[in-house]
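Accompanying notes for the structure given below.
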Ligand SMILES: Cc1ncc(COP(=O)(O)O)c(C=O)c1O
């Protein structure tokens, strides 16, 4: 028998990545698939950023760098947060990581341990809860609700605080719901965190992908109320279409960053040297591409929403941020005795099998009855996929429910 460490039995592999792997397998075997599963931009990395990567290679910038990142990049991250949010961070308070994922993982390992409870909101991006478990702590879930647009509410989170609460993780914009936390709600969370010495970790990986000009200066709110207990995790992946380069960062108190650096020094060391040079250009250079991509995501979001609204059994709202439509398909599902599709997992499997459309079932995010559609794909693909999805729903929905 293969004897693995206990921690491997506590976690599941990333369900969102599983969809990507299935699509990849089908495509390699020659099957054409519409992919609504991808959690990454379909845009290319901007030319100026690629150029900086090329130049780094040409200059033989290919050796180890300091574990926490080159000084230029740390400066660029601090400068961006200063100019975007008005918060001041020093180089000793920033670490460059292999994506936002490693920033969050470092934070979990540095801050949480056995016996600790860490609150986050559900539906959630599964890595957040699995990382808490990998740190031997216990995830505690505060629900968010579709009728409230899945808004992340202070009350729901603070209700879960106990003497064992060690941290609160907020992901805004949220994957999979696209919902935001308001500055007021985060402020209320921060007040309690400050009083009770609770860490606040914010996953800001989609911070540049917010569609309307709503106040969302989370770093400022936290800097004002509980800077010494705050870790900001960000990423170049989504804003600059750099998922494969693997570059993220964390900003926080120097002792936390030093601990994260020590962990990283024994795990992965520095982020790829070439990537770091490219990220300096991404952060310091003109930001027009960020807005161009956001404008295109907005067009797609609006079109997708309009198309799906043709069938009342697909209940969805326009997300405030990120690039996912989180659709309530419970009206399409059948009861146990009715045959047909019983869960969103069944729905996703059958949709892929019959209609060759891949999407992520809500079970992946602790939200059965929902599916997540990524619209980080071309308008033509979205149109064709929506058509197939509507036909699929018309065929499978129980007869009692009526289409609009
Ligand atoms: C909510 C959320 N946080 C963090 C990440 C991490 O992305 P990366 O490691 O590419 O920066 C992702 C990626 O999908 C995400 O959805």
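Numbering (the working numbering), first residue to last: 1 to 404. Idealized CB from N, CA, C, for every residue including glycine. Computed from a predicted model, the values in this text were never measured in an experiment.
Residue pairing from DSSP leaves residue 268 without any beta-bridge partner. Residues whose Cβ lies closer than 6 Å to any heavy atom of ligand 1, listed in chain order: 39, 99, 100, 101, 125, 171, 175, 203, 205, 235, 237, 243, 248. Going by beta carbons, residue 26 and residue 19 fall outside the 7 Å limit. Taking C-beta separations shorter than 7 Å and ignoring five residues to either side along the sequence, the partners of residue 43 in its chain run 241, 293, following chain order. The residues 91, in chain order, have a CB closer than 7 Å to that of residue 75 in the same chain once the five nearest residues on each side in sequence are set aside.
Taking all protein chains shown into account, residue 31 has fewer than 16 neighbouring C-beta atoms within 10 Å of its C-beta and is therefore exposed. By the CB criterion at 7 Å, residue 109 and residue 71 fall outside the cutoff. Under the three-state reduction of DSSP output, residue 381 falls in the helix class. Collapsing the DSSP output to three states places residue 77 in a helix.
Residue state for residue 370 is assigned as strand, using DSSP reduced to three classes.
Between residue 235 and residue 69, the CB-CB gap reaches or exceeds 7 Å. A distance of 7 Å or more separates the beta carbons of residue 168 and residue 132. Contact between the segment 50-70 and the segment 217-231 is not established, with fewer than three Cβ pairs separated by less than 8 Å. As far as DSSP is concerned, residue 245 takes part in no beta bridge. With respect to the 7 Å criterion, residue 273 and residue 138 are not classified as neighbours on the basis of their beta carbons. Per DSSP, the continuous alpha helix (DSSP H) segment holding residue 226 begins and ends at 218-226. Here the segment 334-354 does not lie against the segment 245-254, with fewer than 3 beta-carbon pairs under 8 Å apart.
Proximity to residue 12 across 385, 363, 369, 381 peaks at 363, based on C-alpha coordinates. The Cβ neighbour count for residue 291, taken over all protein chains shown within 10 Å, is under 16; the residue is labelled exposed.
Between residue 41 and residue 376, the gap from beta carbon to beta carbon is short of 7 Å.
At a cut-off of 3 residues, the continuous stretches assigned as beta strand (DSSP E) that sit fully inside the segment 305-366 are 324-328. In the three-state reduction of the DSSP assignment, residue 37 falls in the coil class.
In the DSSP assignment, residue 199 is bridged to 167. Contact annotation: residue 175 and residue 322 have beta-carbon atoms nearer than 7 Å. Take the alpha-carbon of residue 125 and the one of residue 365: they are about 6 Å apart. For residue 185, the closest C-alpha among the options 160, 213, 210, 155 is that of 155. Across the set 178, 206, 162, 203, the C-alpha of 162 shows the shortest separation from the C-alpha of residue 196.
Note on geometry: alpha-carbon atoms of residue 391 and residue 36 lie some 16 Å from one another. Going by DSSP, residue 100 is part of the alpha helix (DSSP H) stretching over 99-111.
Contact check for residue 200 against residue 229 passes: the beta carbons are separated by less than 7 Å. In this structure, DSSP gives residue 46 a state outside helix and strand, which the three-state scheme calls coil. Going by beta carbons, residue 313 and residue 393 fall inside the 7 Å limit. Scanning the segment 123-168 for uninterrupted beta strand (DSSP E) segments of 3 residues or longer gives 138-143, listed from N- to C-terminal end. Ranked by how close their Cα comes to the Cα of residue 67, the residues 325, 317, 271 have 271 in first place.
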